[in-house]
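Protein chains in written order, with the numbering used here: chain A, 21 to 366; chain B, 21 to 366.
Virtual Cβ for every residue (Gly too), placed ideally from N, Cα, C.
None of these values were measured; they are calculated from a predicted model.
What follows is one structure encoded as structure tokens, with my remarks underneath.
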């Protein structure tokens with residue numbers, strides 16, 4: 021009997037929000053590591069909003085997942101077979117393991133983890149790509165100064181919670197936005213936001229604006245953009261002169277069809293956006309964290325000790341079973357997760 | 021008989037494009053300089069696109085001109101009466117003299133000019149605010165690198181022609197955009213653009229895009245934004261990863277009603293703009309040159325010698341008579357001027 025592994029493939033490209041039939045759970049033969057490769061048993065895999073983009077065929081900063089290909093994603097696990105020097109069976113590693121029970125890949129594409137320093141799941145969230153994204157965008161592009169006001173949405177997620185905590189530690193007023201009373205309480209109690217607004221209470225950009233304005237008496241200096249949509253529309257008019265908008269995601273528009281070829285129109289006003297950037301001398305910087313791995317060491321040196329001392333909190337939402345990854349991912353895109361979304365695979 | 025001076029006041033706020041009746045030419049008593057003040061006879065006044073914004077009541081980076089107030093603007097002239105130490109009758113000066121035959125203001129608000137170093141009109145254009153705007157935005161926010169491609173519109177204007185020449189001197193491919201064959205020829209022959217496209221040939225952003233793409237085989241690294249409209253829409257999809265957009269004006273939208281309270285809609289797609297900034301990691305920086313006068317000395321040290329050696333060309337379009345300023349201004353907003361628009365007043 022051939023040994024098999026499980027994986028989830030992209031069955032078809034979603035129309036708007038992904039549904040079950042866009043994914044296919046299947047068994048494939050267990051691979052054998054070639055020279056320089058290792059076989060990793062996946063313990064935990066990460067679910068992140070960027071994956072929605074990879075499901076589309078549109079030009080982006082990374083290639084789309086091919087139809088029938090394994091869904092991409094980061095994961096942590098243990099080496100179960102090694103054909104590479106310096107990588108032993110039992111070693112804990114992080115890498116782009118995909119939505120799968122096992123992954124066979126070049127050892128040099130992996131990063132070893134020390135489970136004694138921090139739980140291995142933190143490599144997927146607070147100490148991994150999402151935490152690094154928040155830290156880099158805030159520090160490098162947001163240029164925070166004590167006394168300023170910061171707004172960030174998805175405030176309990178791994179990006180937003182990092183942004184809020186680092187900003188708070190540097191003396192900023194931090195205004196979070198999240199969906200629902202439970203998340204808002206978490207944002208304030210665990211992540212130290214000065215206030216957290218429940219966006220489900222506000223129907224559109226105008227209502228959002230009024231609510232944010234009330235809690236930002238000195239305007240907004242940094243809007244860390246990871247959601248777009250009505251929150252973006254609400255914050256933009258409140259930006260102070262010289263404000264900064266690090267832009268790393270637009271999750272609320274990923275599913276909405278707002279980015280499709282025939283989208284547009286609604287009530288958007290591109291000229292007004294452009295004028296706002298001019299009149300308020302805003303700096304808008306799109307960034308993709310994978311361009312900046314050279315700074316990852318700086319991030320770990322800054323945030324690692326804070327985490328160890330309990331000065332940086334994190335929240336994980338762990339779903340059990342690879343087969344439940346598609347539903348967890350759909351939930352992530354609509355904000356049903358409570359903290360960093362992780363799937364326990366093995 | 022009381023001595024009088026002439027001025028042009030804002031008679032009413034324009035609805036869209038300004039018309040004659042929005043301006044009022046009138047005689048007022050000649051002022052007498054108080055302690056610390058001088059009376060300046062205006063020789064030349066500048067007309068610039070930003071003045072359209074001052075005619076509206078909307079919040080902007082500067083206060084609007086009040087109804088009945090003298091239209092604002094820079095000018096050069098000679099002191100005819102002085103009540104300030106170190107400022108003598110006959111001195112040439114630059115300052116915010118307004119649309120007027122004479123101006124009475126504090127001497128310390130003026131900048132002395134040496135007419136032997138360069139014609140005094142250059143203080144309004146190539147060596148003044150517009151030239152400085154082009155230089156600062158390109159150098160500081162555009163961060164030009166040899167081998168890159170730059171696109172700038174209003175290529176024969178004082179901002180665009182400076183941007184093109186400085187970029188060319190630094191080894192970039194320079195693609196200008198201007199209205200009409202005559203301006204396009206000037207852009208190439210006098211300002212050294214590698215190519216200049218006539219935007220009147222292209223109906224919309226899509227057509228503009230195709231034309232620009234043909235002449236930017238390696239994409240666009242810097243789009244110096246001073247016009248917006250269809251040129252902006254055409255260039256944006258062609259921006260390379262890491263591209264920069266210094267944003268200092270949107271002249272094509274100033275008159276179009278595109279910025280009014282009830283504007284918007286058309287076929288604009290705000291989500292797509294935002295996504296483009298993200299995916300291509302663009303840096304968009306709104307700037308107002310008046311924030312950066314501390315760098316004016318650097319500009320003069322860099323560009324002054326180039327001008328003296330004939331390495332920087334400039335083109336002026338001089339209208340005779342204060343009474344013709346409104347019409348010249350209307351023409352400026354629709355691109356009828358040929359080079360830097362100046363009015364010879366006295």
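For residue 305 of chain B, which residues in chain A fall below 7 Å Cβ to Cβ? Near residue 305 of chain B (Cβ distances below 7 Å), the residues of chain A are 303.
Proximity test, Cβ basis, 8 Å: residue 242 of chain B and chain A: Taking Cβ atoms only, chain A never reaches closer than 8 Å to residue 242 of chain B, which makes this a no.
Please check if any C-beta of chain A sits within less than 8 Å of the C-beta of residue 81 of chain B. Taking Cβ atoms only, chain A reaches closer than 8 Å to residue 81 of chain B, which makes this a yes.
Quick one, which of A/329, A/146 and A/312 has its alpha-carbon nearest residue 179 of chain A's? Checked all of A/329, A/146 and A/312; the closest Cα to residue 179 of chain A is A/146.
Kindly indicate which three-state DSSP category residue 274 of chain A falls into: helix, strand or coil? The three-state reading of DSSP puts residue 274 of chain A in helix, counting H, G and I together.
Ignoring anything shorter than 4 residues, give me the alpha helix (DSSP H) runs that lie fully in the stretch 192 to 225 of chain A, in order along the chain. With a minimum length of 4 residues, the continuous alpha helix (DSSP H) runs that stay inside the stretch 192 to 225 of chain A are 201 to 209.
Proximal residues to residue 57 of chain A (C-beta, below 8 Å), its chain only, five neighbours per side dropped: If we look at residue 57 of chain A and ignore the five residues flanking it on each side, its Cβ neighbours are 103, 104, 124, 125, 126 and 127.
Suppose you measure from the CA of residue 251 of chain A to the CA of residue 229 of chain A; what does that come to, to the nearest Å? If you take the alpha carbons of residue 251 of chain A and residue 229 of chain A, they lie about 8 Å apart.
Taking the beta strand (DSSP E) that residue 26 of chain A belongs to, which residues open and close that run? Taken as a continuous stretch (DSSP letters only), the beta strand (DSSP E) holding residue 26 of chain A covers 24 to 30.
Considering residue 101 of chain B, what are the terminal residues of the beta strand (DSSP E) in which it resides? Here the beta strand (DSSP E) through residue 101 of chain B covers 95 to 102.
Euclidean distance between Cα positions of residue 116 of chain A and residue 62 of chain A: Counting only the Cα atoms, residue 62 of chain A lies some 10 Å from residue 116 of chain A.
Go through the stretch 293 to 342 of chain B residue by residue and report every complete run of the beta strand (DSSP E) that reaches 3 residues or more, in order. Runs of the beta strand (DSSP E) inside the stretch 293 to 342 of chain B: 303 to 306 and 336 to 340.
Check the DSSP bridge columns for residue 114 of chain B and list the partner residues they point to. Here residue 114 of chain B is bridged, per DSSP, to B/96 and B/131.
Once DSSP output is grouped into helix, strand and coil, what is the label at residue 139 of chain A? Coil.
What residues from the stretch 307 to 318 of chain A come within 7 Å of chain B, judged by C-beta to C-beta, listed N to C? Per Cβ criterion, the list reads 307, 308 and 311.
Please report whether the beta-carbon of residue 300 of chain B lies at a distance below 8 Å from any beta-carbon of chain A. It does; some Cβ of chain A falls within 8 Å.
Under 8 Å between beta-carbons, which chain A residues line up against residue 248 of chain B? List them in chain order, please. Close partners of residue 248 of chain B in chain A (Cβ separation under 8 Å): 291 and 294.
Alpha carbon of residue 348 of chain B to alpha carbon of residue 38 of chain A, nearest angstrom: C-alpha separation (whole angstroms): 57 Å.
Closest Cα partner of residue 312 of chain B within the set B/268, B/361, B/78 and B/329: For residue 312 of chain B, the nearest C-alpha among the options comes from B/268.
Nearest to residue 44 of chain A (by Cα), restricted to the options A/31, A/351 and A/325: Nearest C-alpha to residue 44 of chain A: A/31.
Test item: CB-CB of residue 118 of chain B and residue 92 of chain B under 8 Å: Contact flag set, yes.
If we count Cβ pairs, one from each stretch, closer than 8 Å, do we get three or more for the stretch 295 to 308 of chain A versus the stretch 147 to 163 of chain A? As far as the Cβ criterion goes, the stretch 295 to 308 of chain A touches the stretch 147 to 163 of chain A, which means the pair count is three or higher.
Between residue 225 of chain A and residue 257 of chain A, what straight-line distance do the alpha-carbon atoms span, to the nearest angstrom? Computed Cα separation, rounded: 10 Å.
Backbone secondary structure at residue 176 of chain A - three-state DSSP: Coil at residue 176 of chain A, not helix or strand.
Is it buried or exposed for residue 223 of chain A, if we count other Cβ within 10 angstroms and need 16 for buried? Result: exposed.
Distance check for residue 259 of chain B and residue 169 of chain B, CA to CA, integer angstroms please. Going by the C-alpha atoms only, they are around 10 Å apart.
Less than 8 Å between the C-beta atoms of residue 197 of chain A and residue 216 of chain A, yes or no? Yes.
So, at 8 Å on beta carbons, what are the nonlocal neighbours of residue 42 of chain A in its own chain, with the 5 sequence-adjacent residues on each side left out? For residue 42 of chain A, where only same-chain residues beyond five positions count, the Cβ hits under 8 Å are 30, 31, 32, 33, 34, 75 and 346.
Taking CB distances under 8 Å as the criterion, tell me whether residue 67 of chain A reaches chain B. Taking a beta-carbon distance threshold of 8 Å, residue 67 of chain A does not count as an interface residue toward chain B.
Secondary structure of residue 234 of chain B, DSSP reduced to three states: Residue state, collapsed to three classes: helix.
Determine the chain B residues that contact residue 267 of chain A at a beta-carbon separation under 8 Å, and present them in chain order. Here the neighbours are 294, 297 and 298.
Taking only the alpha-carbon atoms, compute the straight-line gap between residue 367 of chain B and residue 245 of chain B and give it to the nearest angstrom. Given that chain B is displayed from residue 21 to residue 366, the structure contains no residue 367 of chain B and the question cannot be resolved.
Evaluate residue 264 of chain B with the Cβ neighbour count: other Cβ atoms within 10 Å of its Cβ, from every protein chain shown; 16 or more gives buried, anything less gives exposed. Buried.
When we look at the beta-carbon of residue 130 of chain A and count the other beta-carbons within 10 Å, is it buried (16 or more) or exposed? So residue 130 of chain A counts as buried.
Shortest alpha-carbon distance to residue 317 of chain A belongs to which of A/189, A/149 and A/204? Nearest neighbour of residue 317 of chain A by Cα position, chosen from A/189, A/149 and A/204, turns out to be A/149.
Of the listed residues A/186, A/166 and A/133, nearest to residue 412 of chain A (C-alpha basis): The displayed coordinates of chain A run from 21 to 366. Any statement about residue 412 of chain A would go beyond what the structure contains.
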